[in-house]
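Heads up, the thing below is written out as C-alpha cells.
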Amino acid sequence: MQSDRGHWGSSTGFILAATGSAIGLGNLWRFPYITWENNGGAFVLVYLLCVAAVGMPIMMAEFLIGRRTQKSTVGALRECAGPLWGIFGVWGVLCAFLLLSYYTVIAGWSLYYFARTAAWSAAGYPGLATGDLFQAQVGNAGLQLVLSLGFSVATVAVVWFGVREGIERLARVSLPILFGILLLLLVSALGMSGSGQAFGFLFQASFAELEAGSMLSALGHSFFSLSVGMGAMITYGSYLSRKQSIVKASAAIVALDTGIAIVASIIMFSVIFSVAGMTEQVGASPVGMLFISLPELFYTEVPFGALLAPLFYILVAVAGLTSTISLLEVVTAYLIDEHAVERHRATLLSGAAVFVFTIFAALSFSGTPFFSSLAVFANKTGWFETVDHFVSNIMLPTGGLAVTLAAGWFISRRVSHGELVDGNEPGWFRYGLWLGFIRFVAPAAVLAIIIAVLLGADFS
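All letters in the sequence shown, in the order written, are residues 38 to 497 by the working numbering.
Written out as C-alpha cells, the structure reads:
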C-alpha cells in the first residue's frame with residue numbers, strides 16, 4: 038500500500054504541483070472579477086494581507102498534518118488530532134468529490150473556446166455575438182457531456198500514473214507553459230492604451246471606496262484561492278519527505294499563486310480599459326469576462342490577438358487540469374489509504390463516481406426540467422449552482438475551521454514545531470508567529486466567513 042502512495046521527486050516538483058492545484062480558474066476568472074466588483078486598489082491590499090495572515094498559515098497547517106502522518110485526509114486528521122477528527126477528514130474528501138463534479142464542467146468550457154479560437158485564428162473571426170455563442174454551448178447537452186468527459190478522462194489519466202510519474206511530471210511540463218503564455222499575454226496587454234489605467238486601478242488604494250463587504254470578499258477569496266479546506270494540501274503534504282521545507286515551499290506557492298492572480302488581472306483590465314464602453318459590460322458575472330467579452334476582444338482589440346487567443350484558452354485549460362488532478366487525488370488517496378485499493382483501480386473508481394455527478398452539473402443548463410429543478414438554496418437552479426453554493430459557503434469554511442483548530446489546539450506544539458522548523462535552526466520566532474495566526478487569527482477569520490454566510494453572504 039505504501040508503494041502506491043509515492044513521494045515527490047523534488048521540492049521543485051512539489052511546489053509546482055501544489056501551485057498548480059492552488060492556481061486553478063479562481064486566479065484567471067474569479068479574482069479579476071471580484072477585484073473589479075470591489076474597485077481594485079484597497080481591495081487588493083486587503084487581499085494580500087489576508088493571504089499572508091489566513092491563507093498561508095492554514096496551508097502550512099495542512100502540509101504539516103499530511104507530512105507528519107504520511108496519510109490522506111481522513112487518516113491524517115485522525116492520527117494527528119484524535120479519532121473523532123477523522124470525521125472532518127471524510128468531510129474534506131466529500132468536499133473535493135463534489136467540487137470536482139462541477140469544476141470539470143467549467144474546465145471543459147476552455148476546451149470548447151480553444152477549439153473555437155483556433156478555428157477563428159486559422160480562418161478569420163466571423164464577427165458573431167459571443168454572448169449568444171456561450172449560451173448556445175452551455176445549453177447543448179451533448180456538447181457539455183463530451184467536453185466534461187474529455188476533461189475527466191485527462192484528469193484520470195494523470196492521476197493513474199501516480200504522484201511522481203503523473204502529477205509531478207505534468208506540473209513540471211505544464212506550469213512553465215502556463216507561465217510562458219501568461220508572460221506573452223502580459224507583454225501584449227502592456228502595449229494597449231488602457232494598461233496604465235489598469236495599473237492605477239489595481240495598485241492605487243482608495244480606502245474610502247472599501248466597504249465591509251469588500252473586506253469580507255478579500256478574506257473569503259484569500260482562503261479559497263489556495264485550495265485549503267478540502268484536503269488537497271493535506272494529501273499533497275503526505276507525499277513530502279522530511280528533507281523538504283514546509284515553510285519555504287508554502288511561501289513559494291503563495292507567492293506564485295498570488296502573482297499569477299495579479300498578472301491575470303493586469304491583462305484583463307488592460308483589455309477592458311482599452312475598449313470604449315467595455316467597463317459597463319463586464320460586471321454581470323465572471324463568466325461574462327472570461328467566456329463572453331474576451332473571445333471577441335482578442336480579434337478586435339488585442340495586439341497579436343489571433344495568436345494569443347488559442348494560447349489563452351490553453352492557459353485556462355492547463356490551470357483547470359492542475360486543479361482537477363489535485364481534487365481527484367484527494368478521493369483516490371482516501372481509497373488507497375483507508376480501503377487498501379490499488380492506485381489504478383482507486384483512480385478509475387473515483388473518476389467514474391465523480392463523473393456520475395458531473396453529468397448532473399453538465400446538464401444543469403440544458404433546460405431539461407429534471408436537471409434544472411435540482412435546487413435546494415434560494416436563487417439557485419440546477420445541480421451546478423446548488424452544489425457550488427454548498428461547497429463554497431458551507432464545506433470549505435467548515436473544513437478550513439477544522440484544520441485551524443486541529444493544528445492550533447489539538448496537535449502538540451512539539452509535533453508542529455518539529456514539522457515547521459528545520460533541525461539546524463532555532464526558528465522560534467517564526468514558529469511562534471505561525472502558532473499565533475493559526476490559533477487566533479485564522480479561526481476568527483474563518484468564523485467571520487461562516488457568520489457572514491449565515492447572515493446571507495454568498496461566496497459561490
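C-beta: ideal position from N, C-alpha, C; glycine also. The structure presented is a predicted model; accordingly, all values stated were derived computationally and were not measured.
CA-to-CA distance, residue j to residue i, given in whole angstroms
{"i": "Arg-67", "j": "Pro-340", "result": "24 Å"}
{"i": "Leu-227", "j": "Leu-484", "result": "40 Å"}
{"i": "Cys-132", "j": "Tyr-139", "result": "11 Å"}
{"i": "Ile-487", "j": "Ala-298", "result": "25 Å"}
{"i": "Met-96", "j": "Val-440", "result": "9 Å"}
{"i": "Gln-39", "j": "Glu-366", "result": "Here the model assigns Gln-39 a pLDDT of 44, short of 50, so the residue's position is not dependable, and the following value carries that caveat. Looking at the two C-alpha atoms, the distance is approximately 15 Å."}
{"i": "Phe-144", "j": "Glu-74", "result": "In the sequence under discussion, the amino acid at residue 144 is Ala, which differs from the Phe named in the question. If I take the Cα positions, the gap works out to 23 Å."}
{"i": "Phe-394", "j": "Phe-328", "result": "24 Å"}
{"i": "Leu-438", "j": "Asp-374", "result": "24 Å"}
{"i": "Leu-182", "j": "Thr-384", "result": "20 Å"}
{"i": "Glu-379", "j": "Met-270", "result": "22 Å"}
{"i": "Val-312", "j": "Gly-164", "result": "16 Å"}
{"i": "Ala-113", "j": "Gly-296", "result": "31 Å"}
{"i": "Leu-334", "j": "Leu-470", "result": "46 Å"}
{"i": "Leu-491", "j": "Lys-417", "result": "16 Å"}
{"i": "Gly-233", "j": "Gly-217", "result": "22 Å"}
{"i": "Trp-157", "j": "Ala-173", "result": "17 Å"}
{"i": "Arg-5", "j": "Gln-241", "result": "As displayed, the chain neither begins before 38 nor continues past 497, which places residue 5 out of reach and without an answer."}
{"i": "Asn-64", "j": "Ile-71", "result": "11 Å"}
Test item: CB-CB of residue i and residue j under 8 Å
{"i": "Pro-69", "j": "Ser-302", "result": "yes"}
{"i": "Leu-148", "j": "Gly-187", "result": "yes"}
{"i": "Glu-422", "j": "Ser-401", "result": "yes"}
{"i": "Gly-78", "j": "Phe-238", "result": "yes"}
{"i": "Arg-201", "j": "Trp-420", "result": "no"}
{"i": "Tyr-371", "j": "Ala-55", "result": "no"}
{"i": "Phe-198", "j": "Val-368", "result": "no"}
{"i": "Gly-103", "j": "Met-267", "result": "no"}
{"i": "Pro-347", "j": "Phe-151", "result": "yes"}
{"i": "Leu-331", "j": "Leu-222", "result": "no"}
{"i": "Gly-388", "j": "Ser-211", "result": "no"}
{"i": "Ser-453", "j": "Leu-85", "result": "no"}
{"i": "Thr-192", "j": "Ile-362", "result": "yes"}
{"i": "Tyr-350", "j": "Thr-154", "result": "yes"}
Unbroken alpha helix (DSSP H) run spanning residue i, endpoints
{"i": "Ser-449", "result": "Unbroken run through Ser-449: none, as it is neither H nor E."}
{"i": "Ile-102", "result": "93-106"}
{"i": "Ala-79", "result": "79-87"}
{"i": "His-426", "result": "419-427"}
{"i": "Gly-145", "result": "123-160"}
{"i": "Ala-173", "result": "167-176"}
{"i": "Met-270", "result": "269-274"}
{"i": "Pro-120", "result": "Premise fails: Pro-120 is in no alpha helix (DSSP H) and is neither H nor E."}
{"i": "Phe-349", "result": "342-376"}
{"i": "Gln-234", "result": "232-240"}
{"i": "Pro-69", "result": "68-74"}
{"i": "Glu-333", "result": "331-337"}
{"i": "Met-252", "result": "249-261"}
Reference residue i, options the options, closest by Cα
{"i": "Leu-364", "options": "Leu-137, Leu-85, Leu-131, Trp-45", "result": "Leu-137"}
{"i": "Arg-476", "options": "Leu-457, Ala-443, Leu-491", "result": "Ala-443"}
{"i": "Phe-310", "options": "Thr-361, Phe-236, Gln-241, Gln-281", "result": "Phe-236"}
{"i": "Ile-60", "options": "Glu-338, Phe-306, Val-300", "result": "Val-300"}
{"i": "Ala-482", "options": "Phe-349, Gly-92, Ala-54", "result": "Gly-92"}
{"i": "Leu-263", "options": "Gly-50, Pro-480, Leu-433, Phe-151", "result": "Leu-433"}
{"i": "Val-142", "options": "Arg-206, Asn-177, Tyr-336, Pro-480", "result": "Asn-177"}
{"i": "Phe-244", "options": "Phe-466, Val-81, Phe-335", "result": "Val-81"}
{"i": "Ile-204", "options": "Trp-446, Thr-49, Ala-389, Val-458", "result": "Thr-49"}
{"i": "Phe-397", "options": "Ala-377, Asp-425, His-381, Asp-459", "result": "Asp-425"}
{"i": "Leu-184", "options": "Val-284, Ser-58, Arg-209, Trp-146", "result": "Trp-146"}
{"i": "Arg-279", "options": "Ala-159, Gly-63, Glu-456, Val-195", "result": "Glu-456"}
Neighbourhood of residue i by C-beta, 8 Å cutoff - its chain only, sequence neighbours within 5 removed
{"i": "Ile-52", "result": "Ala-286, Ala-289, Ile-290, Leu-293"}
{"i": "Phe-447", "result": "Cys-117, Ala-118, Gly-119, Trp-122"}
Residues near residue i in its chain [Cβ-Cβ closer than 6 Å; skip 5 each side]
{"i": "Glu-246", "result": "Asn-76"}
{"i": "Phe-496", "result": "Gly-257, Ser-429, Asn-430"}
{"i": "Glu-116", "result": "Thr-106"}
{"i": "Val-83", "result": "Met-252, Ala-255"}
{"i": "Phe-171", "result": "Phe-328, Ile-329"}
{"i": "Ser-449", "result": "none"}
{"i": "Leu-219", "result": "Val-300"}
{"i": "Ser-47", "result": "none"}
Proximal residues to residue i (C-beta, below 7 Å), its chain only, five neighbours per side dropped
{"i": "Leu-215", "result": "Leu-352, Val-355, Ala-356"}
{"i": "Thr-99", "result": "In the sequence under discussion, the amino acid at residue 99 is Glu, which differs from the Thr named in the question. Counting only Cβ-Cβ distances below 7 Å, and skipping sequence neighbours, we find Val-265, Met-270, Ile-271, Gly-274, Val-440."}
Within-8 Å CB hit, residue i to chain D
{"i": "Asp-425", "result": "The question asks about chain D, but that chain is absent: this structure has only one protein chain."}
The ligand MG heavy atom lying under 7 Å from the CB of residue i
{"i": "Phe-427", "result": "Although the ligand MG was asked about, the structure shown includes no ligands whatsoever."}
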